[in-house]
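Working notes, beginning with the structure itself.
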Amino acid sequence: MKRAVIAFLFILAIACTEEQRAEPTPAQELAQQLREQAESDTSSVPESVAAEPVTPAPAPAPETTPPPSQTPEPVTLPEPTAAELLVQETIVGEETDELPLPQSPLQELLNTFGSKVSSYQFTYNNSKYFVRGPLIKIILSKPVLVRGHTWPNGTTKKYFYYDTVYVDRAEETATAYCEGHTERVNADCRANGLYDFAYPASYAQYNIVLPQDWLLSLQNKQPQSVEADKYYIKGRKTVRLIFPGELRTEAHFDSQVGLPLRIDQYNETRLYFRQDFDLLASNTLRDVDVIHRSPEDIPSSEIFYRQNLANSPSSTY
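Note that the working numbering has the sequence shown beginning at 1486, numbered continuously upward.
Written out as structure tokens, the structure reads:
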């Protein structure tokens, strides 16, 4: 009997357990649903594709506004002064300007003559030349005799001597006078009253090629060679420039005055022409030294000066 009761109770307990399993509680149902949903999400990912980890996007940085007291104020720069602007322009100019090209030897000689020489004198073929601007005074090495000349005022001279010629390049005239630069000629001029008779001489004859003419005629030519401090002309140091051409020209310049002392021209190797400007000197003449003056117009204080000008060798530069 006792065993039968125990067996009945055991069967009853099993039945209650089955009943409990058959009717889950709401909490069990919710847990079961969550479990099934998780299994469903996992099974939906293909096995051949590995799930990549998701990196969360960085959160935007919070905007910060500086306190009102720390907001930078606009800075107003002072305007540059005139001196500062000048310095800036000078610096920019020095950086951007091109360096000046070196001057050619002829340009240097031209600049020297133009800036340093107001007058000059020299001896050519024993006659003395005095040059100031367009005016040239020539004291001839020998007086010239003119026979039977009649002047516009009707005066006729059987014999007329002249020893001085005044050339005006602006007017293209040459006028000769008997000034008596030697004792014998002076006596003839005085004895025959010839001092102030103006004789119309030949402009073409007395308007010779001057040193300045050679300088200007060569200024646009390119020298074949330039040699400085190597050649001397009658004791004076020169710069020799050689210019090619049908006649090769060799010019020896005095660099102190910018004028030539000698011009040589060669036909191949033969000397074809030579012009020497001896005793070249500069800046010794006044305006009155290149115009004719009557004896009474010359102050006694200048007589010695005039005689020295005519009879003594010219001084060098």
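Note that the Cβ used here is the ideal one computed from N, Cα and C, for glycine as well. As the structure is a prediction and not an experimental result, all values here were calculated from the model.
- Taking a cut-off of 8 Å for Cβ pairs, the region 1667-1675 and the region 1691-1706 do not touch, as fewer than three such pairs fall below it.
- Per DSSP, Q1709 lies in no beta strand (DSSP E) and is assigned neither H nor E.
- Taking the Cα positions, E1781 is about 50 Å away from K1715.
- CA-to-CA, the gap between S1603 and G1743 works out to about 12 Å.
- Within the DSSP secondary-structure output, T1769 pairs in no beta bridge.
- When the alpha-carbon of V1650 is set against those of Y1757, K1613 and W1636, the nearest one is in K1613.
- In the displayed model, L1625 falls within a strand according to three-state DSSP.
- For the pair D1681 and S1589, the CB atoms are not nearer than the 8 Å cut-off.
- Considered as a whole, the region 1639-1725 harbours 1668-1677, 1688-1691 and 1696-1703 as its complete alpha helix (DSSP H) runs of no fewer than 4 residues, in chain order.
- For E1731, there is no enclosing alpha helix (DSSP H), as DSSP marks it with neither H nor E.
- Taking the Cα positions, E1787 is about 14 Å away from H1666.
- If you ignore the 5 residues before and after N1638, its C-beta comes within less than 8 Å of no other C-beta in its own chain.
- Y1646 and L1756 have their C-alpha atoms spaced approximately 36 Å apart.
- DSSP places Q1750 in the uninterrupted beta strand (DSSP E) bounded by L1744 to N1752.
- Counting only residues of its own chain and dropping the five nearest sequence neighbours on each side, R1759 has a CB closer than 8 Å to the CB of R1747, I1748, D1749 and Q1750.
- Here F1598 carries a helix assignment [DSSP, helix/strand/coil].
- If you look at R1759, you'll find it in the beta strand (DSSP E) that goes R1755 to D1761.
- The Cβ-Cβ distance between D1653 and I1624 does not fall below 8 Å.
- Counting along the chain, the unbroken beta strand (DSSP E) around R1617 starts and ends at S1612 to R1617.
- In this structure, the straight-line span from the alpha carbon of N1752 to that of Y1688 is close to 29 Å.
- Y1662 is the residue among R1725, V1775, Y1662 and P1696 whose C-alpha sits nearest the C-alpha of L1630.
- Around the beta carbon of V1775, 16 or more other beta carbons lie within 10 angstroms, which makes this residue buried.
- In the structure shown, Q1606 falls within a strand segment according to DSSP collapsed to helix, strand and coil.
- Around the beta carbon of K1643, fewer than 16 other beta carbons lie within 10 angstroms, which makes this residue exposed.
- Note on V1711: under 16 other CB atoms within 10 angstroms of its CB, so exposed under the neighbour-count rule.
- Counting every other CB atom within 10 Å of its CB across the protein chains shown gives P1745 a total of 16 or more, marking it as buried.
- Residue environment: T1734 is assigned as buried (16 or more neighbouring CB atoms within 10 Å of its CB, all protein chains considered).
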